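Reading through the C-alpha cells given below for one structure.
Protein chains: 2
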Amino acid sequence: MDLHFTLTGSGDLTAQIYAQLRAAVLDGRLTGGDRVPATRDLATTLDVARGTVTAAYDRLIAEELLESRRGAGTFVAAGCVPPAHATGRRARAGAVRPVPLWATPTAPAPGPGRTAYDFSVGVPDDSLFPLATWRRLVSGTLRRGRLTAGTYEARGTSRLEVEIARYAGLSRSVVAAGDDVVTTAGAQQALDLVARVLVEPGDVVAVEDPGYTAAARLFATHRAVVRGVPVDGEGIVVDALPPAARLVYVTPSHQHPTGVAMSRARRIALLEWAVRHGAVIVEDDYDSEFRFADRPLEPLQSLDRDGRVVYVGSFSKSLLPSLRVGYAIAPATLTAALREAKRVTVWDGDTVTQGALADFLAEGHHAAHVKRATKVYRARREALLAGLTSPGGLADWLEVIPSAAGLHLCTLLRDPVLDDVSIAEAALAAGVFVEPLSVRHLEQAPHHGLAFGVGGIPLERIGPALAALRQVLSASRPARRVDG
Amino acid sequence: MDLHFTLTGSGDLTAQIYAQLRAAVLDGRLTGGDRVPATRDLATTLDVARGTVTAAYDRLIAEELLESRRGAGTFVAAGCVPPAHATGRRARAGAVRPVPLWATPTAPAPGPGRTAYDFSVGVPDDSLFPLATWRRLVSGTLRRGRLTAGTYEARGTSRLEVEIARYAGLSRSVVAAGDDVVTTAGAQQALDLVARVLVEPGDVVAVEDPGYTAAARLFATHRAVVRGVPVDGEGIVVDALPPAARLVYVTPSHQHPTGVAMSRARRIALLEWAVRHGAVIVEDDYDSEFRFADRPLEPLQSLDRDGRVVYVGSFSKSLLPSLRVGYAIAPATLTAALREAKRVTVWDGDTVTQGALADFLAEGHHAAHVKRATKVYRARREALLAGLTSPGGLADWLEVIPSAAGLHLCTLLRDPVLDDVSIAEAALAAGVFVEPLSVRHLEQAPHHGLAFGVGGIPLERIGPALAALRQVLSASRPARRVDG
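The structure is reproduced here in C-alpha cells:
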C-alpha cells in the first residue's frame, strides 16, 4: 500500500489517520485484500506513537473496512465497499411524485453570494455572537445528568420555557408563565404548529401584503386560502381584512419588510376586529430586540383581553438563526394542542442548545449581548440613514420608510418607472446585495423599493456600498431632484 | 436589603450573584426602590473580587432591573417588574380552540417514572453515550467560521448528509449519495416531511398492526385514512394490504413492537405489490443498529428497482434520542419536495449538532460506539432471554417472539384470559416497568403480551426484575405448565 497521509500538527492524529485511510478505501484507491502497513511501521513513518495508529486501525476494523489476520497483518476487508460508494451511484428515482401542493418547489430568495457589500435582510452579524460564553454553557450542558437519553413521554415545562416567559415578560411585557410557552425550532416551526392546530383546509388566513412571504407560503402548504391585506404607515389596514379570515398573521413591532410599527390605535382596532369575527391573531414579534428610538409599543399579546393572540418570537436575530430556537406563547386553550403537535411531529428540539440557552438567559448574557449588539447596529443604521437621506445623494432616488427598530431599513423608489428587481440585479453586478421590495407582495399592486439590512455589512463598508449603488441608480435613469 | 446568597466554589461567580439577585427581584422579594449593597461591601461579605460583583450589577443595570444613582448607590429600578412575574399571571385564555383534529390530545404512553426495574422500549442506555468525545466535537464545531449566521437560502448538500450516505451505505447497503439524504429532527420529522409531500387528505396509509402508534397518529394528523394491516412471523401480511393504499409504512429490520424481521420473500412481495398499486413504501429502519444473530437482510431500499422506497433512520437508538437527528433517504423525484417541506416548516435543524455528528461519523467514533454498546446490550439480552425461556420460570406464562436485532424483546401471554394492561399495571406497582402489547394495536384484534427493553436496565437487575414479575404473574393466575 502506498498511501499518502497528511497530518496536521494539532488535533486528533488518530482521527486524521482513520479518515484518510477510510477515504482511500471508500473511493477505491485501496481495494479488498490490499495489505496496509504494520502499525509499528506506519507510526515510524508518520512519527507518531504506535498507539495512535493502532487506535485508527481498531476503528476501521470495527467498521469492517479492515481485517486483521493473525500472523499475517492487517488488510482491507474483502468486499467491504458497497457499490454506492465505489461508483457514486444514486438512490433510484422515477416512480414517485409529490402531491401537487409540493410538485413545484418555490425558489428560495436568492442570497448575496460573495458580494463586496452585503445588505441582506434578517441576518444578524455572526461575528458579534458571544461564542466563548456559548461554548462554555454548551459544555456545561453536556454533562451526565443533564444530557439524558430522554423518553418519549410528555414532560413538564422546561427550564428554557420558564426563562423565555421571564424574558418576554421583562423585555416585551408579554403576560405569560412558563406553562404558556412552547419552544420550537425557530419562529418558523412556531408558525407551523399554529397552522396545524388552527387551520383547516380551505380556511382563510390573512397576511400583510407586502409581507413575510415565507409565512404566507407556510400557511398555503396547510391548504389555507391565503389573502394579502395592504399595509400603510400604521401597519395592516384592518378595514381591508377579509371577514372570513380565521387567522391574521402580523409583524407589529417592525413590519416585514417595510419596517413600519403598528400604531397603538391600529392594534386596538385589530383586536376588536378579531373579537367581532372570531379570529385568531398571530403576532410575530419579528425584529423587536433591537430598538433605536421611542419606547416600544405594547405587544398585541398584552393588550389582548380575550385570549386570542398567539405571540411568536425567536432568538434568530438576537443570537443566530442557526441555533434554531423560537417559541410560541399561547392562550391555555391552545397550548396542549401545540405541545401535542410538536410531540407528534418532531418530539422535541435539541435539548443541549435549549439547556445552554436557558443558562444564557438566566445568567444575564442575553441582555448584555443585545445591549452590545444594539450599539454596533445603531452605528451602522445611522451611517445607512445618513447616506440614504442626504440631499444630492441617494435621497434623490429613494425615500426611507420611517422605522424605529430592527435590523433593516426599507425604502421606496421615487421614480415610478424604475423596477426594483432590475435595480437589485444591476446592484448585485456592481457588488451590492440589496433586496427588492416588490417580490414581497402577494396580491396587492406591488410597491417598488429596496431593503437594506445592517447585519451583514461592517460600518466602514456602508459608505462605499451606497456610492456604488448610486452609480447603479444614476446609470439606470437620471435622478429626480428632491428638495432638502 | 437582606438577601441571602449561596455561592458554590466552582463556576462563574458573577453569574451566580446575578442570578440570585435577579430571582429576588422577579419573585418580589426585592421591589422597586430597594437599595442593594455597595459592590465593595458585598464583595467583602461574599469574599470575592469586587469586579465580580460589579460585573453582576452591570448586567442587571443593562437589563434595567437595577439602576445606579450617582453618589447614592445602586437600587432596584422602580416599576421594572412586569405584573406577570410578580403575580404569576398566566397568558389569557378562553376564546380560541384548536380544530377538531387536535381538540382531544392523545395521551402519550406512560413512562416508567422511578421504578426499580425499567424495561422501557426504544430508549438506549445514556450512560454508554461517549460524552467526552461528543463534547470535544461540539466544541470544535463552535468555532468562528464553522458557526455562521446562516442565510435562509437553499444550501447544498451538507457534510452530515454525505456522511450519512456513507454510513447507510456501509452499514446497511443503502444505495445513496449525499444528495439523496435529507437530515431531520429524528425519524419522526422524516415521517412528517414524507407525509406532507405524499399524503393528500383522505389518502389511505397502511401501517403495521400492531405497530408504531406514533407513526399512525402522525399520518392521521395529515388527514390520512390510516389502516392497520396484520403482521405475522414474516412481517406485514402483504395480501392484507388495502388496495387503495397510497403509502405503506413498515419497520422491516425489527418490527415495532413484535421484533419480527421481515423475510426476504415478503420484502420482494411488498415491493411488487407497491409497483402494482402505484404505492410508496416508507421503510423505517428502526432498531437495525444492534444485531445479535444472523446477517441482516437487505433493506427494501436496496432491493427496490423502481424508486418507490423512502428509507428513514435516526441516531436516537445508537446515540441518544435527545440529539434529535434522523434522516430520510429518498428517490430524487422526492428530495426537492422534502427539502422544501423542511425549509418551509423549520428551515433547518441544529447546525452544531449536525456538524459534530458529521465529525463523529467521519472519524469512526460511531462504528466503535455501536460495537461497544452492542456488547453491553447483548449481555443484557441474553440474561433476559435466559430468564424468559427457562422452563419452570417465566416461560410458563410468556412466549418469546423470535428476533435477531434491536433493543427490546416482545413476548406473548400464553394464557388467553390474561390482560396485558392489567399485568403491566400490577408489575409497575411491584417496581417493574414493562410495556403491554395490546395498546400497540390499531384495528386488528389485539394480541396480549409484554415488551422488554434492555436500554434502561443494568445487567444485574434483570434477574431480580424477572423474579418480581414472576410473582406478579403467579398472583394473577396459576401458570399453565409448558414443556421443555
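Line order of the protein sequences matches chains A and B. Just so you know, we're using my numbering here: the first sequence kicks off at 1 and counts up by one. Just so you know, we're using my numbering here: the second sequence kicks off at 485 and counts up by one. Cβ atoms here follow ideal geometry from the backbone N, Cα and C, with glycine treated the same way. This one's a predicted model, so the numbers in the text were calculated from it and none came from an experiment.
Residue i burial status per 10 Å Cβ neighbour count (16 or more: buried)
i, result
"Gly848 (chain B)", "buried"
"His4 (chain A)", "exposed"
"Arg172 (chain A)", "buried"
"Gly606 (chain B)", "buried"
"Thr819 (chain B)", "buried"
"Arg440 (chain A)", "buried"
"Gly313 (chain A)", "buried"
"Arg114 (chain A)", "exposed"
"Pro436 (chain A)", "buried"
"Thr528 (chain B)", "exposed"
"Ser474 (chain A)", "exposed"
"Ser390 (chain A)", "exposed"
"Glu438 (chain B)", "Residue 438 (chain B) lies beyond the range of chain B shown here (485 to 968); nothing can be said about it."
"Gly71 (chain A)", "exposed"
"Ser322 (chain A)", "buried"
Rounded Cβ spacing between residue i and residue j (contact assumed at less than 8 angstroms)
i, j, result
"Leu943 (chain B)", "Arg862 (chain B)", "Their Cβ separation, rounded to whole angstroms, is 10 angstroms, which puts Leu943 (chain B) and Arg862 (chain B) out of contact at 8 angstroms."
"Gly455 (chain A)", "Leu407 (chain A)", "5 angstroms"
"Asp790 (chain B)", "Ala95 (chain A)", "5 angstroms"
"Arg808 (chain B)", "Gly349 (chain A)", "7 angstroms"
"Leu682 (chain B)", "Pro736 (chain B)", "With 8 angstroms as the limit, Leu682 (chain B) and Pro736 (chain B) do not qualify as a contact, their Cβ atoms being about 19 angstroms apart."
"Val417 (chain A)", "Arg477 (chain A)", "7 angstroms"
"Ala341 (chain A)", "Trp586 (chain B)", "6 angstroms"
"Ile401 (chain A)", "Leu412 (chain A)", "7 angstroms"
"Pro780 (chain B)", "Gln928 (chain B)", "About 27 angstroms; that fails the 8 angstroms criterion."
"Val205 (chain A)", "Tyr249 (chain A)", "7 angstroms"
DSSP-derived helix/strand/coil call for residue i
i, result
"Thr819 (chain B)", "helix"
"Thr151 (chain A)", "Caution applies to Thr151 (chain A), whose pLDDT of 46 falls short of 50 and renders its modelled position unreliable; the model cannot decide the point."
"Arg135 (chain A)", "helix"
"Leu950 (chain B)", "helix"
"Leu505 (chain B)", "helix"
"Phe917 (chain B)", "strand"
"Phe703 (chain B)", "helix"
"Arg711 (chain B)", "strand"
"Ile813 (chain B)", "strand"
"Asp693 (chain B)", "strand"
"Asp203 (chain A)", "coil"
"Gly140 (chain A)", "helix"
"Asp232 (chain A)", "strand"
"Val439 (chain A)", "helix"
When the options are compared against residue i, the one with the closest alpha-carbon
i, options, result
"Gly937 (chain B)", "B:Leu893, B:Val560 and B:Arg524", "B:Leu893"
"Ala842 (chain B)", "B:Leu544, B:Arg643 and B:Asp768", "B:Arg643"
"Asp518 (chain B)", "B:Thr558, B:Thr492 and B:Val854", "B:Thr558"
"Pro130 (chain A)", "A:Arg477, A:Ala356 and A:Asp58", "A:Ala356"
"Thr536 (chain B)", "B:Ala508, B:Thr858, B:Gly495 and B:Glu548", "B:Gly495"
"Arg40 (chain A)", "A:Thr389, A:Asp287 and A:Arg50", "A:Arg50"
"Ala753 (chain B)", "B:Asp768, B:Ala724 and B:Arg775", "B:Ala724"
"Glu767 (chain B)", "B:Ile545, B:Glu782, B:Thr528 and B:Ala959", "B:Glu782"
"Gln576 (chain B)", "A:Ala244, A:Leu303, A:Glu289 and A:Pro446", "Position check: residue 576 (chain B) holds Arg in this sequence, whereas Gln was assumed. With distances taken between Cα atoms, Arg576 (chain B) lies closest to A:Leu303."
"Gly235 (chain A)", "A:Ala244, A:Thr213, A:Thr221 and A:Met262", "A:Met262"
"Gly810 (chain B)", "B:Asp880, B:Asp676, B:Ile545 and B:Trp618", "B:Asp676"
"Ala888 (chain B)", "B:Ala870, B:Leu845, B:Asp771 and B:Gly947", "B:Asp771"
"Val280 (chain A)", "A:Leu21, A:Asp203, A:Pro296 and A:Phe119", "A:Asp203"
"Thr668 (chain B)", "B:Ala949, B:Gly516, B:His932 and B:Ser800", "B:Ser800"
"Ala224 (chain A)", "A:Pro230, A:Ile423, A:Leu247 and A:Glu208", "A:Leu247"
"Leu550 (chain B)", "B:Asp531, B:Thr829, B:Ala503 and B:Ser611", "B:Ala503"
Near the ligand GTP: residue i beta-carbon under 7 angstroms from a heavy atom
i, result
"Ile164 (chain A)", "With respect to the ligand GTP, the structure offers nothing, as it holds no ligand at all."
Please list the segments of the beta strand (DSSP E) lying wholly inside the stretch 643–684 of chain B, counting only runs of 3 or more residues, in order along the chain.
Correct list: 665–668.
Could you name each continuous beta strand (DSSP E) segment of 3 residues or more that falls completely within the stretch 30–112 of chain A, going from the start of the chain to the end?
Whole beta strand (DSSP E) segments, 3+ residues: 66–69 and 73–76.
Which runs of the beta strand (DSSP E) at least 3 residues long sit entirely within the stretch 234–296 of chain A? Give them in chain order.
Qualifying beta strand (DSSP E) stretches, in chain order: 245–250 and 280–284.
What beta strand (DSSP E) runs, 3 residues minimum, are completely inside the stretch 778–810 of chain B?
Listed in chain order, they are 793–798.
What are the complete alpha helix (DSSP H) segments, minimum 4 residues, inside the stretch 348–421 of chain A?
Here the runs fully enclosed are 351–362 and 365–389.
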